[in-house]
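Report on one structure; see the data block that follows.
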Amino acid sequence: MSSLITKVRLRQIESLLEKGKRLDGRGLMDTREIKIEQGLIEKAEGSARVLLGKTEVIVGVKIETGEPFPDTPKEGVMTVNAELVPLASPTFEPGPPDESSIELARVVDRGIRESHAVDTEKLCIEEGKKVFVVFVDVYVLNHDGNLIDASAIAAMAALMNTKMPNYEIKDGELKIKQGYTPLPMKSHPITVTIGKIGGKLLVDPWLEEEAVMDSRITFATNEDGNICAIQKGLSGFFTPQQILEASKIALDKAAELRKKLNW
Amino acid sequence: MNEKPDKLIDKKGLRGDGRKADELRPVKLQVGVLPNADGSAYIEHGKNKILAGAFGPREMHPKHLAQADRMVLRCRYHMAPFSVPERKSPAPSRREVELSKVIKESLEPALFLELYPRTGVDVFVEVLQADGGTRCASITAAALAIADAGVPMRDLVVACAAGKVDDTVVVDLYDAEDKLGAADVPVAYMPNLNAVTLLQMDGILSPDEFEKAVNMAMEGCKKIYALQKEALKTKYMVVKEAEE
Chain A
1 MSSLITKVRL RQIESLLEKG KRLDGRGLMD TREIKIEQGL IEKAEGSARV LLGKTEVIVG
61 VKIETGEPFP DTPKEGVMTV NAELVPLASP TFEPGPPDES SIELARVVDR GIRESHAVDT
121 EKLCIEEGKK VFVVFVDVYV LNHDGNLIDA SAIAAMAALM NTKMPNYEIK DGELKIKQGY
181 TPLPMKSHPI TVTIGKIGGK LLVDPWLEEE AVMDSRITFA TNEDGNICAI QKGLSGFFTP
241 QQILEASKIA LDKAAELRKK LNW
Chain B
264 MNEKPDKLID KKGLRGDGRK ADELRPVKLQ VGVLPNADGS AYIEHGKNKI LAGAFGPREM
324 HPKHLAQADR MVLRCRYHMA PFSVPERKSP APSRREVELS KVIKESLEPA LFLELYPRTG
384 VDVFVEVLQA DGGTRCASIT AAALAIADAG VPMRDLVVAC AAGKVDDTVV VDLYDAEDKL
444 GAADVPVAYM PNLNAVTLLQ MDGILSPDEF EKAVNMAMEG CKKIYALQKE ALKTKYMVVK
504 EAEE
């Protein structure tokens, strides 16, 4: 049944795209309005809520101490986890993370990690033994499409809002002191996802478009205009020309957003 | 423990394993290696050793996963515990779950899913030894396994990575380059259809370097594609000779 609806919708969406229009009235290259609210969870070291149209994501950052990875003894650890909580969509089910939430978490993680957004070297307490571990937890609260961009922006906004506990080391013991300092950051990547429907590229696909989309491609770009992470998804393909076109769109859109957000 | 060499590329422009920037590692492909699978393939891509087995089209298990209007392709990418220097737990890691998904999505565009409603095809990929670029080698082998199972395909899917090592864009990164290099761009490609079915990247590349890397990876794909077709033909030529 759902596939029948999908086929009718696909025809409708495709014929609109031919005229350069979309179901929700946007142009092909228009993103939905973004609203960011930071610091709404007082118990977390950092938090942010992002509304991308009706897609809503909340990200909380918790900081604990732990051991570094053996291959990076001088660096703190950052991990991203994503929960597609069942209240966000009738298609989300409770249970351990499935491949969609793992992919979401790993794409968000890759953008932040590869652009060296968090200065992990400054999170080292004692080389090889003790470092700060930054847990970035993405919580999707309403699914209206393009969870990747909403989550990536929310994760960055939450990290920028994160306060590290002040500490000192006395006789090899870690002592937490009064007060906080901001989490050391080196870069501010912006993630832009482009969908492909019937050979046409469009930015920030929403739920109805995602249901009929051939494929998507996500670019994370930094302030120097370089690309730091890419993920192609879904069962369709891109021609090499479309990929280059998409990369240009992503860089343009990211620059536009960077100006607006002042990142 | 993890001492980074100053240079991964020497003054003559040769890489750690003696290759030039645009040179692939040796690739060996063999089709029909698993008697119990409907289709199978084995790839040796440099030091990567990977087996792929395909089953189907067959009835879906569990049945509720069957789709009324199309075939369902399932993929499992799995690394053997002994495939890497430090033993890897056999439980699927988050990386393996993600790779299974992107490998599946890289193969789907090659299949006529809508012609086989209610059926399923399962592809199992076992990495026996890993040395960088396993997702690409897995895709190359998995596509051959599906073809060997007799599932009609629009084209074979072939994959190869490119990346940046020191300041040079190079093709087909091996483990050390993957870990210590500046960027890695795996690409899966259907040469006859000029369609890119997988593209990922990590690291930092300028838009120009990115374009160069994608082109270089696609060139690599085309070279492996020739070997892929050869391997598929070889299996059936051997059968014919045996009958005579």
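For the protein sequence lines, the chains are A and B, in the order given. If you count by this note's numbering, then the first sequence holds residues 1 to 263, one letter each, in order. If you count by this note's numbering, then the second sequence holds residues 264 to 507, one letter each, in order. For every residue, glycine included, the Cβ atom is placed at its ideal position computed from N, Cα and C. If you're wondering where the values come from, they're calculated on a predicted model, not measured in any experiment.
Setting aside the 5 residues that flank it on each side, valine 134/A is surrounded in the same chain by Ile63, Met78, each with a C-beta closer than 6 Å to its C-beta; the list follows chain order. For the pair isoleucine 313/B and glutamate 389/B, the CB atoms are nearer than the 8 Å cut-off. Cβ atoms of leucine 292/B and isoleucine 272/B stay farther apart than 8 Å, at about 28 Å. Residue range 311-322 is occupied by the beta strand (DSSP E) that includes isoleucine 313/B. One finds Ile227, Ala229, Ile230 in chain A with Cβ atoms closer than 7 Å to the Cβ of methionine 464/B, taken in chain order. Here the segment 431-451 of chain B makes contact with the segment 271-285 of chain B; the two share three or more CB pairs at distances below 8 Å. The DSSP-derived three-state label of valine 85/A is coil. Interface annotation, asparagine 455/B: not in contact with chain A, CB-CB separation never under 8 Å. According to the DSSP assignment, methionine 156/A belongs to the alpha helix (DSSP H) that extends over 147-160. At the C-beta level, leucine 462/B and isoleucine 217/A come within 8 Å of one another. Pairing tyrosine 167/A with leucine 328/B, the inter-Cα distance amounts to about 52 Å. Put simply, the CB of arginine 11/A is far from chain B, with every gap to its CB atoms at 8 Å or more. Counting C-beta pairs with one atom in each stretch, the segment 153-170 of chain A and the segment 42-50 of chain A have three or more that are closer than 8 Å, which means they touch.
With respect to chain B, the C-beta atom of threonine 239/A has a partner C-beta closer than 8 Å.
The secondary-structure analysis by DSSP pairs valine 434/B across a beta bridge with Ala425/B.
By the rule that beta-carbons nearer than 8 Å mark a contact, isoleucine 409/B does not touch chain A. Lysine 492/B and isoleucine 36/A have their C-alpha atoms spaced approximately 52 Å apart. Counting every other CB atom within 10 Å of its CB across the protein chains shown gives threonine 191/A a total of 16 or more, marking it as buried. At least one CB atom of chain B sits nearer than 8 Å to the CB of glycine 236/A.
Annotation for alanine 220/A: the continuous beta strand (DSSP E) segment containing it runs 215-221.
Excluding residues up to 5 positions away in sequence, Val448 lie with their Cβ nearer than 6 Å to the Cβ of methionine 464/B in the same chain. Not a single CB atom of chain B sits nearer than 8 Å to the CB of glutamate 210/A.
From the listed residues His143/A, Leu183/A, Ala155/A, the smallest Cα separation to proline 90/A is found for His143/A. Take glutamate 33/A, set aside five residues on each side of it, and no residue of its chain has a beta-carbon closer than 6 Å to its own.
Within the model, the alpha-carbon separation for proline 182/A versus glutamate 56/A is close to 25 Å. As a beta-bridge residue in DSSP terms, glutamate 307/B pairs with Lys291/B, Lys312/B. In summary, the residues of the segment 99-111 of chain A whose CB is separated from some CB of chain B by less than 7 Å are Glu99, Ile102, Glu103, Arg106, Arg110, in the order they occur in the chain. Between the alpha carbons of proline 320/B and leucine 407/B lies a gap of roughly 15 Å. Contact between the segment 394-411 of chain B and the segment 467-479 of chain B is not established, with fewer than three Cβ pairs separated by less than 8 Å.
Contact annotation: the segment 371-379 of chain B touches the segment 226-240 of chain A, with at least three C-beta pairs closer than 8 Å. Per DSSP, the unbroken beta strand (DSSP E) holding valine 140/A starts and ends at 130-142. Cβ-Cβ distances below 8 Å link lysine 163/A to Glu45, Gly46, Tyr180, Thr181, Pro182, Leu183 in the same chain, with the five nearest sequence neighbours on each side left out; the list follows chain order. In chain order, Leu28, Gly195 place their CB closer than 6 Å to the CB of leucine 202/A, counting only its own chain and leaving out the 5 sequence neighbours on each side. Cβ neighbours of serine 247/A within its own chain (closer than 7 Å, five residues either side excluded): Phe219, Ile227. When secondary structure is reduced to three states using DSSP, serine 47/A falls in the strand class. DSSP, read as helix, strand or coil, puts tyrosine 499/B in helix.
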